[in-house]
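Peer 1: Could you have a look at this structure, given as structure tokens, before my questions?
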Amino acid sequence: MSIFKFKTKYAVSAVLSCVMLCSCMTARKPQTEEMFAFDTYVSITSYDPSDNGAKELLAALDEEFSQTYTKNANAINGENILKCADICREWNSEFGDLFGESINFTCGALTKLWGISGEAPHVPNESELSAALETITDENTPFLLMPSGTMLDFGASAKGFACDKAKALLDTSGAKCEIISLGSSTLLYGAKPDGSSFKAAVKDPLSPSSYLGTIETDAAFISTSGGYERYFEENGIKYEHILSPQTGMPVETDLCSVTVIASTDIPNGGIYTDLLATAIYSGGTSVLTEFMEQDNGFGDAIYGIVAADKNNNVYVSSGVDFTLYESSGFKLKENL
Amino acid sequence: MKAQVSSSRRTFKPSDIVIAVIAAALLAAVLIFRSIAEPNGSLAAVFFNGEQIASLSLGTDGVYPFDEYGVTVEVTNRSVRVINSDCPDKICEKTGFISSSAQTIVCLPNRISVRIIGNTDSNIDVVLN
Chain A
1 MSIFKFKTKY
11 AVSAVLSCVM
21 LCSCMTARKP
31 QTEEMFAFDT
41 YVSITSYDPS
51 DNGAKELLAA
61 LDEEFSQTYT
71 KNANAINGEN
81 ILKCADICRE
91 WNSEFGDLFG
101 ESINFTCGAL
111 TKLWGISGEA
121 PHVPNESELS
131 AALETITDEN
141 TPFLLMPSGT
151 MLDFGASAKG
161 FACDKAKALL
171 DTSGAKCEII
181 SLGSSTLLYG
191 AKPDGSSFKA
201 AVKDPLSPSS
211 YLGTIETDAA
221 FISTSGGYER
231 YFEENGIKYE
241 HILSPQTGMP
251 VETDLCSVTV
261 IASTDIPNGG
271 IYTDLLATAI
281 YSGGTSVLTE
291 FMEQDNGFGD
301 AIYGIVAADK
311 NNNVYVSSGV
321 DFTLYESSGF
331 KLKENL
Chain B
1001 MKAQVSSSRR
1011 TFKPSDIVIA
1021 VIAAALLAAV
1031 LIFRSIAEPN
1041 GSLAAVFFNG
1051 EQIASLSLGT
1061 DGVYPFDEYG
1071 VTVEVTNRSV
1081 RVINSDCPDK
1091 ICEKTGFISS
1101 SAQTIVCLPN
1111 RISVRIIGNT
1121 DSNIDVVLN
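Each protein sequence line maps, in turn, to chains A and B. Our numbering puts the first residue of the first sequence at 1, with every later residue one more than the last. Our numbering puts the first residue of the second sequence at 1001, with every later residue one more than the last.
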């Protein structure tokens, strides 16, 4: 009788531990959801058991920002667009001296004219270009007072802004670990259940299906800018998607990929890394080195950089845990 | 008295061993089932607008046209690529083959994405674009 009881206990505990072991293994597997928003592919990978609404948040933000594709600036309204514009203005007053006017969110008409991400990209003629350039105005002008032909384009900031909003949402919902990728901007939130650091791969600009290397980091905002993926060719010439608000032409740069990383403790770190990646990419190696010196000059670097130039050099700022893949053919420039 | 109790606890009866073996076998069966159901990187999943529309075995080479969605996908040598798309930018075609679960092929104009499903040896959490 007592032996039978013991047996039952053993059997029950054996089965239970078996079930627990299996469910443990299932729980460790993150779930990935995907969607298209902000004119890019979005993936949300969650280690958390419950849905915390990140997908809905991103869909709502995308909906709000999408009015910029069709409406003129003076007809734009929306709490988040206004907030995003304000942070862009702050960023400009902080970094404008270094980068010049490499980014201007009133360049929507120019972006639309080229249509690089659209169905029929083409090189505009002189008169089309100058007409579009004339619509680019001072970012500080209130939307309502902008010239009638001016359109807005938050291509260099909206995805980073969305990462900031997502971070705030996850903070309030008590999320533990999420990886939200909006293509060029990524939020690595919380910490992985196994305690390991996040590993983000930087694409090889010369061969986008392989990697330049990997960055290991704790929770962070990461943004990447480069011309190697979104471009079109006309008469044998490549035209990249990042346009200069001065010339109206694709930016001329000696860099091919710029990644900027900041801790999730940095306020507006999502939008700032997004803007910085584009500004540094547009500015080229001279602006890159200047920025790396300045940022480090304030003490500990706030923004980490991994950048690749067209001569196969890779620049890594101190404090970034970057592993270069030898197979990429790129060489590390001495740490700056 | 005390010694007797502890000695009886330490003794494994043949029946206990049988139960232990059964439990171990059960665990092994579950693990084997899991690995058969989802072997390392065995499937390429094709998504439209975030909804899965197909899963292709990486163990079988083949060309899969998705005419309705404007793309054709090829599985060769345990990797997958978009070989043809009616989109204007052809970014999906230029991406080439992927074989790791961290990588994704995206066709933005057609709202198509292709991913490897399951555990692969990749420990990369995200690929920056």
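Note that CB positions come from ideal geometry on N, CA and C, so glycine has one too.
#1: Using 8 Å as the limit for Cβ to Cβ distance, is residue 41 of chain A near chain B?
#2: Counting only Cβ-Cβ distances shorter than 8 Å, please list the residues of the stretch 1093–1108 of chain B near chain A, keeping chain order.
#3: Measure from the alpha carbon of residue 207 of chain A to the alpha carbon of each residue in A/191, A/221, A/226 and A/198, then state which is nearest.
#4: Under 7 Å Cβ-Cβ, which residues of chain A neighbour residue 1127 of chain B?
#5: In angstroms with no decimal places, state the Cα-to-Cα distance between residue 1031 of chain B and residue 170 of chain A.
#6: Would the beta-carbon of residue 332 of chain A fall within 8 Å of that of residue 307 of chain A?
#7: At the 8 Å Cβ level, is residue 1113 of chain B part of the contact set with chain A, yes or no?
#8: Roughly how far, in whole angstroms, is the beta-carbon of residue 277 of chain A from the beta-carbon of residue 260 of chain A, given that I think they are within contact range, below 8 Å?
#9: Does any C-beta atom of chain A lie closer than 8 Å to the C-beta of residue 1077 of chain B?
#10: Any idea if residue 283 of chain A is buried or exposed, counting beta-carbon neighbours within 10 angstroms, 16 or more meaning buried?
#11: Quick check: what's the CA-CA separation for residue 268 of chain A versus residue 84 of chain A?
#12: Name the chain A residues whose beta carbon is nearer than 8 Å to that of residue 1088 of chain B?
#13: Residue 170 of chain A lies in the alpha helix (DSSP H); which residues open and close that run?
#14: Would you mind working out which of A/52, A/190, A/178 and A/89 sits nearest residue 143 of chain A, comparing C-alpha positions?
#15: Identify whether residue 1066 of chain B lies in helix, strand or coil by the three-state DSSP scheme.
#16: Kindly say whether residue 222 of chain A, judged by its beta-carbon, lies nearer than 8 Å to any beta-carbon of chain B.
#17: With DSSP collapsed to three states, give me the class of residue 326 of chain A.
#18: Quick one: measure Cβ to Cβ for residue 185 of chain A and residue 163 of chain A, integer angstroms, because I've assumed they're closer than 8 Å.
#19: Taking a Cβ distance cut-off of 7 Å, strictly less, list which residues of the stretch 1050–1066 of chain B are near chain A, in chain order.
#20: In whole angstroms, give me the CA-to-CA distance for residue 205 of chain A and residue 256 of chain A.
#21: By the criterion of Cβ-Cβ separation under 7 Å, what are the contact partners of residue 1123 of chain B in chain A?
#22: Tell me whether the beta-carbon of residue 340 of chain A lies closer than 8 Å to the beta-carbon of residue 325 of chain A.
#23: Measuring alpha carbon to alpha carbon, tell me which of B/1063, B/1074, B/1080 and B/1067 ends up nearest residue 1087 of chain B.
#24: Nearest to residue 172 of chain A by alpha carbon, out of A/113, A/133, A/53 and A/160?
#25: Can residue 242 of chain A and residue 281 of chain A be called in contact, C-beta distance under 8 Å?
#26: Applying the 10 Å Cβ sphere with the 16-neighbour rule, what's the burial state of residue 188 of chain A?
#27: Please confirm whether residue 1083 of chain B has its beta-carbon closer than 8 Å to some beta-carbon of chain A.
#28: I'd like to know if the stretch 144–157 of chain A and the stretch 99–114 of chain A are in contact, where contact means that at least 3 CB-CB pairs between them fall below 8 Å.
#29: Could you tell me which uninterrupted beta strand (DSSP E) segments, each at least 3 residues in length, are contained entirely in the stretch 25–51 of chain A, listed from first to last along the chain?
#30: So, are the CB atoms of residue 291 of chain A and residue 312 of chain A less than 8 Å apart?
#31: Going by the beta-carbon positions, is the gap between residue 1057 of chain B and residue 1045 of chain B smaller than 8 Å?
#32: Measure how close the beta-carbons of residue 168 of chain A and residue 177 of chain A come, nearest whole angstrom, since I'm counting them as under 8 Å.
#33: Does DSSP put residue 84 of chain A in a helix, a strand or coil?
Peer 2: Straight from the coordinates:
#1: By 1-based counting over the first sequence, the position of residue 41 of chain A is 41. Output row for residue 41 of chain A: interface = yes.
#2: Listed by position, the residues of the stretch 1093–1108 of chain B near chain A (Cβ gap below 8 Å) are 1094, 1095, 1096, 1097, 1098, 1102, 1103, 1104, 1106 and 1108.
#3: Taking the first residue of the first sequence as position 1, residue 207 of chain A is located at position 207. Residue 207 of chain A has its Cα closest to that of A/226, out of A/191, A/221, A/226 and A/198.
#4: For the purposes of this step, residue 1127 of chain B is identified with residue 127 of the second sequence, where counting begins at 1. Residues of chain A passing the Cβ test: 201 and 203.
#5: Numbered from its first residue, the second sequence carries residue 1031 of chain B at position 31. Numbered from its first residue, the first sequence carries residue 170 of chain A at position 170. Near 34 Å, if we compare the C-alpha coordinates of residue 170 of chain A and residue 1031 of chain B.
#6: For the purposes of this step, residue 332 of chain A is taken as residue 332 along the first sequence, with counting starting at 1. For the purposes of this step, residue 307 of chain A is taken as residue 307 along the first sequence, with counting starting at 1. Not in contact: residue 332 of chain A and residue 307 of chain A (Cβ atoms no closer than 8 Å).
#7: Taking the second sequence and counting its residues from 1, the one referred to as residue 1113 of chain B is at position 113. Yes, its Cβ sits closer than 8 Å to a Cβ of chain A.
#8: What you label residue 277 of chain A is simply residue 277 of the first sequence in a count that begins at 1. What you label residue 260 of chain A is simply residue 260 of the first sequence in a count that begins at 1. Cβ-Cβ separation between residue 277 of chain A and residue 260 of chain A: approximately 5 Å, consistent with a contact (criterion under 8 Å).
#9: One-based indexing of the second sequence puts residue 1077 of chain B at position 77. Not an interface residue.
#10: Here residue 283 of chain A is taken as the residue at index 283 of the first sequence, counted from 1. Counting Cβ neighbours within 10 Å, residue 283 of chain A comes out buried, since at least 16 surround it.
#11: Stepping through the first sequence from its first residue, residue 268 of chain A is reached at position 268. Stepping through the first sequence from its first residue, residue 84 of chain A is reached at position 84. For residue 268 of chain A and residue 84 of chain A, the distance between alpha carbons rounds to 10 Å.
#12: For the purposes of this step, residue 1088 of chain B is taken as residue 88 along the second sequence, with counting starting at 1. By Cβ distance, chain A contributes 118, 119, 120, 121 and 232.
#13: The residue labelled residue 170 of chain A in the question sits at position 170 within the first sequence. It spans 158–173 - the alpha helix (DSSP H) in which residue 170 of chain A sits, taken as one unbroken run.
#14: Taking the first sequence and counting its residues from 1, one reaches residue 143 of chain A at position 143. With distances taken between Cα atoms, residue 143 of chain A lies closest to A/89.
#15: Locating residue 1066 of chain B in the second sequence gives position 66, counting from the first residue. Assigned with DSSP and collapsed to three states, residue 1066 of chain B falls in strand.
#16: For the purposes of this step, residue 222 of chain A is taken as the residue at position 222 of the first sequence. Yes, residue 222 of chain A counts as interfacial toward chain B.
#17: For the purposes of this step, residue 326 of chain A is taken as residue 326 along the first sequence, with counting starting at 1. Helix.
#18: Taking the first sequence and counting its residues from 1, one reaches residue 185 of chain A at position 185. Taking the first sequence and counting its residues from 1, one reaches residue 163 of chain A at position 163. Confirmed, Cβ separation roughly 5 Å.
#19: Cβ contacts with chain A come from 1050.
#20: Numbered from its first residue, the first sequence carries residue 205 of chain A at position 205. Numbered from its first residue, the first sequence carries residue 256 of chain A at position 256. One C-alpha to the other measures close to 6 Å.
#21: The residue given as residue 1123 of chain B occupies position 123 in the second sequence. The contact set of residue 1123 of chain B on chain A, defined by CB atoms closer than 7 Å, consists of 199 in chain order.
#22: This structure does not reach residue 340 of chain A, given that chain A is present from 1 up to 336, and the question cannot be answered.
#23: As a first step, residue 1087 of chain B is located in the second sequence; it is residue number 87 there, counting from the start. Ranking B/1063, B/1074, B/1080 and B/1067 by Cα distance to residue 1087 of chain B puts B/1067 first.
#24: On the first sequence, residue 172 of chain A is found 172 positions in, with the first residue counted as 1. Ranking A/113, A/133, A/53 and A/160 by Cα distance to residue 172 of chain A puts A/53 first.
#25: Reading the first sequence from its first residue, position 242 is the one you call residue 242 of chain A. Reading the first sequence from its first residue, position 281 is the one you call residue 281 of chain A. At the C-beta level, residue 242 of chain A and residue 281 of chain A come within 8 Å of one another.
#26: Counted from its first residue, the first sequence places residue 188 of chain A at position 188. It counts as buried.
#27: Here residue 1083 of chain B refers to the residue found at position 83 when the second sequence is read from its first residue. No, residue 1083 of chain B does not count as interfacial toward chain A.
#28: Counting Cβ pairs under 8 Å, three or more are found: they touch.
#29: Those beta strand (DSSP E) runs which fall completely within the stretch 25–51 of chain A and span 3+ residues are 31–37 and 40–46.
#30: Position 291 of the first sequence, counting from 1, holds the residue named residue 291 of chain A. Position 312 of the first sequence, counting from 1, holds the residue named residue 312 of chain A. Result no, Cβ atoms of residue 291 of chain A and residue 312 of chain A do not sit closer than 8 Å.
#31: On the second sequence, residue 1057 of chain B is found 57 positions in, with the first residue counted as 1. On the second sequence, residue 1045 of chain B is found 45 positions in, with the first residue counted as 1. It is not a contact, given that the beta carbons lie outside the stated cut-off.
#32: The residue you call residue 168 of chain A lines up with position 168 of the first sequence. The residue you call residue 177 of chain A lines up with position 177 of the first sequence. Not really, about 16 Å apart at Cβ, beyond 8 Å.
#33: Walking along the first sequence from the start, residue 84 of chain A turns up at place 84. When secondary structure is reduced to three states using DSSP, residue 84 of chain A falls in the helix class.
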